[in-house]
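Comments concern the structure below.
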Amino acid sequence: MKSNRITELFGIQYPIIQGGMVWISGWRLASAVSNAGGLGLLGAGSMHPETLTEHIHKMREATDKPWGVNVPLMYPEIDRLIDLLITEKVGVVFTSAGSPKKYTQRLHDAGIKVAHVVSSSKFARKCEEAGVDAIVAEGFEAGGHNGREETTTLTLIPQVRQATSLPLIAAGGIGSGQAMLATMALGAEGVQIGTLFALTEESSASEAFKTRCTQLEEGDTMLTLKLISPTRMVKNDLYCRILQAENEGAAIDDLRTILGKAAAKRGIFEGDLDNGQLEIGQIASAVNSIRPVSEVMNQLVKEFEQAKEAVARL
1 MKSNRITELF GIQYPIIQGG MVWISGWRLA SAVSNAGGLG LLGAGSMHPE TLTEHIHKMR
61 EATDKPWGVN VPLMYPEIDR LIDLLITEKV GVVFTSAGSP KKYTQRLHDA GIKVAHVVSS
121 SKFARKCEEA GVDAIVAEGF EAGGHNGREE TTTLTLIPQV RQATSLPLIA AGGIGSGQAM
181 LATMALGAEG VQIGTLFALT EESSASEAFK TRCTQLEEGD TMLTLKLISP TRMVKNDLYC
241 RILQAENEGA AIDDLRTILG KAAAKRGIFE GDLDNGQLEI GQIASAVNSI RPVSEVMNQL
301 VKEFEQAKEA VARL
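Letter 205 of the sequence shown, counting from 1, is numbered 205 in the numbering used here, and no numbers are missing.
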């Protein structure tokens with residue numbers, strides 16, 4: 001796998017970024033991905049600042065390779081979090097769920113590289129205006145929070161490629177080296193992968209959550225909660241209650257009541273498979289075992305090279 005703008009930007013061996021997923025992406029997962037040649041990301045969205053600081057320190061003990069932190073800009077203590085990242089001299093920050101304009105220059109002034117996650121070419125152009133270093137274009141196949149446009153990854157990537165000249169990372173539904181090659185044929189220079197890494201031994205998700213996700217079949221996840229924030233989740237009892245309420249015209253407050261507090265933590269971290277919010281991508285139906293990160297990375301690279309050779313023979 002040749003170096004390109006993504007590997008050079010982040011100083012990594014392979015253009016593979018691990019998604020910074022809530023309740024999943026702790027220091028064990030992120031360091032394992034970085035040590036295997038990709039870019040590991042801590043998921044700050046489910047961490048208090050003190051917890052994130054602890055994970056940052058453990059990352060430095062676990063790897064000497066590049067890594068970063070994913071920061072949802074809707075984070076309740078966002079200014080404190082930005083201060084923390086600068087104080088801790090984090091090298092890479094991936095932002096999402098908001099506009100990167102307010103914080104990008106400040107992070108750059110501290111020597112931090114910035115990538116931002118978008119779901120449309122319109123927001124990709126705004127990212128370039130904001131001065132980010134790279135863009136992650138995420139299709140709605142992805143797990144967790146998604147764009148309202150419901151644009152698939154293979155539709156989104158070429159449109160974002162036309163809209164911006166920045167280094168481009170594809171995300172959403174990527175679960176193989178073949179899929180990596182497909183997105184690169186459309187203009188991406190790297191991939192961000194969530195689901196495959198969420199279902200590894202190093203993931204901090206509960207074993208019950210991981211096991212349930214390896215049993216999913218096609219169509220067992222669905223985008224819901226569109227009135228609040230579109231979220232892909234497994235069809236469980238909680239999902240069915242939400243679906244019924246939405247079909248009956250429930251208001252936002254009604255849906256929040258059904259969700260209750262810390263729904264994602266209940267489902268992903270604590271393993272409440274019935275009443276928790278089980279966020280995972282569509283590609284989970286292709287994952288049937290829980291493996292170490294090193295095996296997943298090796299398979300991705302091997303499949304990518306084999307796919308390149310197969311396409312060259314066509």
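Glycine included, every Cβ here is placed at the ideal spot set by N, Cα and C.
Every value quoted in this text rests on a predicted model; they were computed, and no experiment measured them.
Do you know offhand how far ARG266's Cα is from VAL93's?
Those two C-alpha atoms are separated by around 27 angstroms.
Do ALA205 and ILE24 have their CB atoms nearer than 8 angstroms?
In this structure, ILE24 lies closer than 8 angstroms to ALA205 by Cβ.
So within the segment 11 to 46, which uninterrupted beta strand (DSSP E) runs reach at least 3 residues, ignoring any that extend past its ends?
Listed in chain order, they are 16 to 18, 40 to 43.
Helix or strand or just coil, what does DSSP make of LEU52?
Helix at LEU52.
In the DSSP assignment, find the unbroken alpha helix (DSSP H) run with ALA137 in it and report its ends.
No alpha helix (DSSP H) contains ALA137, which is instead part of the beta strand (DSSP E) from 134 to 138.
Taking the alpha helix (DSSP H) that ALA310 belongs to, which residues open and close that run?
Looking at the DSSP string, the run of the alpha helix (DSSP H) that includes ALA310 is 293 to 313.
Exposed or buried, what is SER289 when buried is set at 16 or more other beta-carbons lying within 10 Å of its beta-carbon?
SER289 is exposed by the Cβ-count criterion.
Buried or exposed: where does HIS57 fall if 16 or more other Cβ atoms within 10 Å of its Cβ makes it buried?
With fewer than 16 other Cβ atoms within 10 Å, it is exposed.
Kindly list the residues whose CB is nearer than 6 angstroms to the CB of GLU88, restricted to its own chain and excluding five residues on each side of it in sequence; keep chain order.
ILE56.
With a threshold of 16 other CB atoms inside 10 Å of the CB of GLU248, please say whether the residue is buried or exposed.
Exposed, since its Cβ has fewer than 16 Cβ neighbours within 10 Å.
Comparing C-alpha positions only, which one of LEU84, ALA97, SER121 sits nearest to ILE112?
With distances taken between Cα atoms, ILE112 lies closest to LEU84.
Any idea what DSSP makes of PRO76, helix, strand or coil?
The answer is coil: DSSP assigns PRO76 none of H, G, I, E or B.
Is the beta carbon of VAL287 sitting closer than 8 angstroms to the one on CYS213?
Yes; because the gap between Cβ atoms is below 8 angstroms, this pair is in contact.
Does DSSP put GLY177 in a helix, in a strand, or in coil?
Of the three classes helix, strand and coil, the one that applies to GLY177 here is helix, per DSSP.
Bridge partners for GLU321 per DSSP, in chain order?
It is not possible to answer for residue 321, since the shown part of the chain is limited to 1 through 314.
Report yes or no: do three or more beta-carbon pairs, one from the segment 230 to 237 and one from the segment 192 to 201, lie closer than 8 angstroms?
Flag = no, the segment 230 to 237 and the segment 192 to 201 do not touch.
Can you tell me which of VAL293, LEU255, CYS240, ILE193 puts its alpha carbon nearest to the alpha carbon of GLN18?
When each option's Cα is compared against that of GLN18, the closest is ILE193.
Taking just the CA atoms, how far does GLY131 sit from LYS101?
Approximately 8 angstroms between the Cα atoms of the pair.
Counting beta carbon pairs with one atom in the segment 171 to 191 and one in the segment 249 to 262, are three or more of them shorter than 8 angstroms?
No: the two stretches stay apart, fewer than three of their Cβ pairs being nearer than 8 angstroms.
Would you call the CB atoms of GLY143 and THR152 closer than 8 angstroms?
No, these two residues do not count as a Cβ contact at 8 angstroms.
Looking at the structure shown, is MET1 part of a helix, part of a strand, or coil, going by DSSP?
DSSP places MET1 in coil when its eight states are reduced to three.
Quick check on LYS113: does DSSP put it in helix, strand or coil?
Note: LYS113 maps to strand in three-state DSSP.
Express the C-alpha separation of GLU141 and ALA245 in angstroms, rounding to a whole number.
Their backbone Cα atoms lie some 23 angstroms apart in a straight line.
So ARG161 packs on LEU154, CB below 8 angstroms; how close in whole Å?
12 angstroms between Cβ atoms; not a contact.
I think MET1 touches VAL301, with their Cβ atoms under 8 angstroms apart; what is that distance to the nearest whole Å?
Contact holds; Cβ gap of about 6 angstroms.
Can the beta-carbon of ILE174 be found less than 8 angstroms from the beta-carbon of THR183?
The answer is yes: Cβ separation under 8 angstroms.
Does the distance from the C-beta atom of LEU29 to that of SER203 stay below 8 angstroms?
A contact, by the Cβ cut-off of 8 angstroms.
Since ALA307 and GLN159 should fall inside the 8 angstroms C-beta cutoff, what is the C-beta to C-beta distance between them, to a whole number of angstroms?
So it is not a contact: roughly 23 angstroms between Cβ atoms.
Note down, in chain order, each residue of its chain lying with its Cβ closer than 7 angstroms to the Cβ of ASN4, except the 5 sequence neighbours on either side.
Taken in chain order, the residues that qualify are PRO15, GLU189.
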